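S.K.: The listed protein sequences correspond, in order, to chains A, B and C. All letters in the first sequence, in the order written, are residues 175 to 458 by the working numbering. All letters in the second sequence, in the order written, are residues 2 to 445 by the working numbering. All letters in the third sequence, in the order written, are residues 2 to 317 by the working numbering. We treat Cβ as the ideally placed atom computed from N, Cα and C, and that holds for glycine. The model shown is predicted, which means the values in this text are computed figures rather than measured ones.
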Amino acid sequence: MSAAVRVSRTRRRSRLASAVLTLVIFVGFILMAAPFYWLVVGSTLTSSEVFSNPPHLLPGDQLVANWVNLFGERGYLRPVLNSIAISIVYVIVGMVICLCGGYAFAKFQFRGKAFLFGFVIATLAIPSQVTLVPLFQTMVALGWLNSYQALILPGLAFPFGLFLMRQAMQSVPDELIQAARIDGAGEFRILFQIVSPALRPALAALGIFLFLAIWNDFIWPLVVLRSEDAYTIPVALASFSDGNTTDYGQLILATTISVIPVALLFIFMQRYFVSGLLGGAVKQ
Amino acid sequence: MELRTLTRVATGLTVGVVAAAALAGCTGDSGSSSAGGDQTVTVWTAGTSAAELLAPAVAEFEDANPGTTIDVVDVGNPAIWEKITTSLAAGGEGLPDIMQIGIDYLPGYTEKFPGAFADLSTLGADDLAADFAPSAWGGGMGPDGELWGVPFEVNTAGFTYNKSLFDAAGIDMSTITTWDELIEAGVTLKAKTGASLFELDKAATNHPSADIWQTLTQQQGSFYFNADGEITLNSAEGAKSLELLKKANDLGVLADAASFTAGGASQYADGSVATNVDASWWAGYFEDAQPDQAGKWAVALRPAVEEGGATAALAGASYLSIAGNSEHKDAAWEFIAFALGTLEGQEAMQTAHAFTPGFTPVYSSDGFTDGSGFYVGESPSQIFVDSITQPDLAVPTFTSDYARAIKIYADAQTKVLISGADPQEALDEAAQLLADATGREIAG
Amino acid sequence: MIDLAVQSPVQSPPPLESTPPTRSRRSARRSWLTPRNTPYVLLAPVILLFAAFKGYPILSAAYLSLTTNDGGTQRLVGIANYERIFNDPLFYRALLNTLVILVIQVPIMLALAMLLAVAFHSTLLKFRTVFRLGYFLPVVMGLVAYGVIFSVMLATDNGIVNVTLQSIGLPKVPWLQDPVWAKVSLMIAMTWHYTGINTVIYLAQRQTIPQDLYEAAAMDGAGHVRQFFNVTLPGLRPAILLTVVTSTIGTLQLFDEPYILTNGGPDNATLTIGMYLYENAFTYFDFGYASAIGFVLVGMVVILSVAQFRLFKEEK
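1. Could you name the residues of the region 293 to 324 of chain A whose beta carbon sits closer than 7 Å to any beta carbon of chain B, in the order they occur along the chain?
2. Tell me which same chain residues have a C-beta within less than 6 Å of the C-beta of Phe137 (chain C), skipping the five on either side of it?
3. Any contact of the region 361 to 371 of chain A with the region 245 to 259 of chain A, i.e. 3+ C-beta pairs under 8 Å?
4. Grouping DSSP H, G and I as helix and E and B as strand, with all else coil, what is Thr15 (chain B)?
5. Can you tell me whether DSSP reads Phe360 (chain B) as helix, strand or coil?
6. Comparing C-alpha positions only, which one of C:Ala183, C:Leu204, C:Leu43, C:Thr124 sits nearest to Ala193 (chain A)?
7. If I follow the unbroken beta strand (DSSP E) through Met220 (chain C), where does it start and stop?
8. Evaluate Ser182 (chain A) with the Cβ neighbour count: other Cβ atoms within 10 Å of its Cβ, from every protein chain shown; 16 or more gives buried, anything less gives exposed.
9. What ranges does the alpha helix (DSSP H) occupy inside the region 190 to 265 of chain C, keeping only unbroken runs of at least 4 residues that lie completely in it?
10. Under 6 Å Cβ to Cβ from Gly275 (chain C), same chain only, skipping five residues before and after it: list those, please.
11. Val136 (chain A) and Gly265 (chain B) look like a contact to me (Cβ under 8 Å); what is the Cβ gap, rounded to whole Å?
12. In terms of residue numbering, what span does the beta strand (DSSP E) encompassing Leu255 (chain B) cover?
13. Just by C-beta distance, which residues in the region 236 to 255 of chain A are closer than 8 Å to chain C?
14. Pick out whichever of B:Gly187, B:Glu231, B:Thr157, B:Asp393 has its Cα sitting closest to the Cα of Ala249 (chain B).
15. Go ahead and pull the three-state DSSP assignment for Asn390 (chain A).
16. State yes or no: is the beta carbon of Val76 (chain B) nearer than 8 Å to at least one beta carbon in chain A?
17. Does the beta carbon of Asn70 (chain C) sit closer than 8 Å to a beta carbon anywhere in chain B?
18. Within 8 Å of any Cβ in chain A, is that where the Cβ of Gln40 (chain B) sits?
19. Going by DSSP in three states, Arg133 (chain C) sits in which element: helix, strand or coil?
20. According to DSSP, is Met276 (chain C) helix, strand or coil?
21. Kindly examine the ligand NAP and report whether one of its heavy atoms sits closer than 7 Å to the Cβ of Lys191 (chain B).
22. Between which residues of its own chain and Ala499 (chain B) is the CB-CB distance below 8 Å, once the five residues before and five after are set aside?
23. Got a sec: which bits of the region 103 to 132 of chain C sit with their beta carbon under 8 Å from any beta carbon on chain A, in order along the chain?
24. I'd like to know if the region 215 to 233 of chain C and the region 271 to 280 of chain A are in contact, where contact means that at least 3 CB-CB pairs between them fall below 8 Å.
25. If you drop the 5 nearest sequence neighbours on each side, which residues of the same chain put their C-beta closer than 7 Å to that of Val417 (chain B)?
26. Using only the alpha-carbon positions, how far apart do Gln391 (chain B) and Pro135 (chain B) sit?
27. Examine chain B for any beta-carbon lying closer than 8 Å to the beta-carbon of Val307 (chain C), and answer yes or no.
28. Taking DSSP's pairing of strands, which residues face Gly141 (chain B) in a bridge?
29. Would a C-beta distance cut-off of 8 Å place Gly272 (chain A) and Leu380 (chain A) closer than the cut-off?
30. Near Trp334 (chain B), what residues of its chain come up, given a Cβ to Cβ distance below 6 Å and the 5 sequence neighbours on each side ignored?
31. Near Asn320 (chain A), which residues of its chain fall below 8 Å by C-beta distance, leaving aside the five closest residues on each side in sequence?
32. Name the chain C residues whose beta carbon is nearer than 8 Å to that of Gly116 (chain B)?
33. Could you check whether the Cβ of Asp416 (chain A) sits closer than 8 Å to any Cβ belonging to chain B?
34. Helix or strand or just coil, what does DSSP make of Thr70 (chain B)?
35. Alpha carbon to alpha carbon, how far is Leu244 (chain A) from Ser88 (chain B)?
36. Pick helix, strand or coil for Met100 (chain B), following the three-state DSSP scheme.
Right, dumping it as structure tokens:
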């Protein structure tokens, strides 16, 4: 068998594998994304069309009407801007805190480490409903009701992010850090200049998780906010619902809009999952 | 290199903190009063329609009371309950001056969190009592005669039916006087038109599926609890209600609400279900949701459970209450008295769809009972007035354990409708569970 | 005593512009950042934030779990709430439901997520950007729209899913009315909601596996399957531990799906611990009992997590 035949056979086989894999993933994609297609269609319908039987599968003509209601009468712009501003601040600060904390947990031995990390994991296990009232009382005591720091600061105690960073840091070889220390690099330099670049995929994931945590947070902002002009998107969405006479077309348009920034962020961050950083941890 | 990174991090942090502070400055404290006697009274509503219906009264009130601002914050339903509950559990911190509270939450709140609400009798509310339907007014009262809320929206048990389908099946609603007759007529209806008589969420996975049983039981003068707070859900009346539901289910005329999507009422428009027996708001909602159905539907008083029994029941209400720690109790009360207790304040309510007030003078005001022509015969608001003004309309005793009672009852109902359990046995079991959970006696 | 970094006075470093080359800068730092205090300096924000916003509320909730609401005041009742839990048939029901979901749904979801991560990494797959986005997006779905969408899809007669099933000759499924199917619906919704986010974690960890390892394995004659088991799986271990622990915790606290899809029904077939806890706090206003349930949950999580950490360590 000549080499050329073998190569073309392998190529053909891999082309077949590629087609099969793409098809399987495509079917799953349809199932996962179908609700979003429906969300987009629903944004263009009236409230009762949303539930019509048989269901609407093609866009209707209510998009403009829903849009005008939403941004005019409803003033949806303010919650969108609030959510974006809060999320940016939260994600930046949260990434730095989790990066530092994860580095300490993964690469240092110190007294109280087991206790501290155990505590962090245990707080992950506390259902938020249980600490809601005491945390609310803390905000009252601090005079922070209806403030943005009340939305941002408690959420910065983010056990999942610390856990994620600690796990990711474990793939960074200790020798790399030792070598940098021998070269005389300070710890912050090691963290930000040597360790972090190797962790870009995990940091991108962390950024997304932080963003999701604050973007989707509902009960906490609902409880601490007092005025409508401080509402975030989920709180505004909840206020659109009044049980019997909710305007679903408008609500679904509002939900669709709330998904867009996350989708953009994800598309932007994606390149870090698939960039040419293969083996980045050992690259110098 | 390192310096630049550190600087970048530091800048990031600084920007973050400054931005947070700046944003915090934006909102400030909107609730507190400022100098010069100006005051702001904050109101939380459970949804947009309530907020919109208050808006004209707010404008008028502010005109008449310079220096007082009424700030209506639309929280939404069910979000408002989580918000109020958290504040109450934190000792009433952060409550607004006025809040809209459902009849189902009010007794639990006032009993579990005494002092959280102002007794409106002490603010002069008793003068208004005569202008409200006694059953609705009674729902806002505590066991010792305190008044915790003034009725804002009131609903009675509904009966909205597809007259064209009934006609096609040769059924004349005016000849049907009891639920037993209705259910038997439902068999004819199903055979001739294919439509189910009414619907219920049998597995209780979505709708508050205890509502129909509740109003059926109230029509017989009973409820989960009696006036002494003893458990009566397994009384003969309670069992009769559940037997009616079982009968409808066994005869195949009770549709399962889980068969249909949870909004839009398309199952009513496409002829799958011929009657809605939820509450009076539904007629207005249906008119808005399915305008093409005009001329086919009618509203009526409910059939009685026993021949000659009550044809109406209270099916829900919401109240405006004042926080016990409000610093503007008097202003808050003045606003409530104006918005809910005068015809000027109630102007928006007179033409509202799917939102019926508790203030009785509105009922006889111009145009209130004029329908839009959507319904054949009497208008929904006329039926509502005929229901709410019935002298034998019962005032149910909700108690602080109402939420538990609903849950335990709904589980029993599921056992009967899905697994074929015996109504009386299922209710006896439920009563025992309720007694164990609450420490209440089962009425003997 | 833990030697907190806060105690060492932070000397202001010399003005940056005037800083002479490396050496003195290094020594300036050395004066306060020692190997001993570095981890505490790094963890200072974490310690502060967790003390204020986790530690205090947890202690307060722990106290609350020892009290009961008695006519408006929280009266200390010792461990009565905990005793009540162990005699509460509904709690056991919720526990059993939760464990069933945990044992079935979490392994399926994580296995799916791992396969997806491998697929998304492979150059054999076309249109990867779009696919990754599609699988990730469900985690963003807001609660209200989530409920509406699943109602539209799962309604027995006119829901999209059953209409589709019938059009290809399959029977209707009572998605929400039948105790077993209701659990299945819940698990499908959870898998839809959370698989993508676990995939992201695996994808990120997958990037840290050096390509040399695959090349070496290929040289040893390992095919794709053996490469997956010998290289990918061990390389993903930190991420697997992370997702196993967090998914376990997330499932033990499961609330959103039963709340919007099944309301815990039919007849408590989908009542979860998270849902039961919520009902006790926010429907029955029994915060003492709800807190006690919360701490029993924490106890279970601690036991399970320790076991999971051990398991993953021993495999090393």
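M.R.: Working from what's here:
1. Leu306, Val307, Phe310, Gln311, Val314, Leu319, Asn320, Ser321, Tyr322, Gln323
2. Gly197
3. no
4. Because Thr15 (chain B) carries a pLDDT of 45, less than 50, the predicted location of this residue cannot be relied on, and no value is offered for it.
5. strand
6. C:Thr124
7. Taken as a continuous stretch (DSSP letters only), Met220 (chain C) belongs to no beta strand (DSSP E), being part of the alpha helix (DSSP H) at 212 to 220.
8. exposed
9. 212 to 220, 225 to 228, 238 to 253
10. Gln254, Leu255, Phe256
11. No information on residue 136 (chain A) is available, as it lies outside the stretch 175 to 458 that chain A covers here.
12. 255 to 257
13. none
14. B:Gly187
15. helix
16. yes
17. yes
18. no
19. helix
20. helix
21. For the structure depicted, the ligand NAP is absent and the ligand set is empty, with no information on it obtainable.
22. In the structure as shown, chain B begins at 2 and stops at 445. Residue 499 (chain B) is therefore absent and cannot be evaluated.
23. Leu117, Ala120, Phe121, His122, Ser123, Leu125, Leu126, Lys127, Phe128, Arg129, Thr130, Val131, Phe132
24. no
25. Leu243, Lys247, Pro424, Ala427
26. 10 Å
27. no
28. In DSSP, Gly141 (chain B) forms no bridge with anything.
29. In the sequence as displayed, the identity of residue 272 (chain A) is Cys instead of Gly. Their beta carbons are under 8 Å apart, which means Cys272 (chain A) touches Leu380 (chain A) by this criterion.
30. Leu124
31. Val398, Leu399, Arg400, Ser401, Ala404
32. Gly73
33. yes
34. strand
35. 29 Å
36. strand
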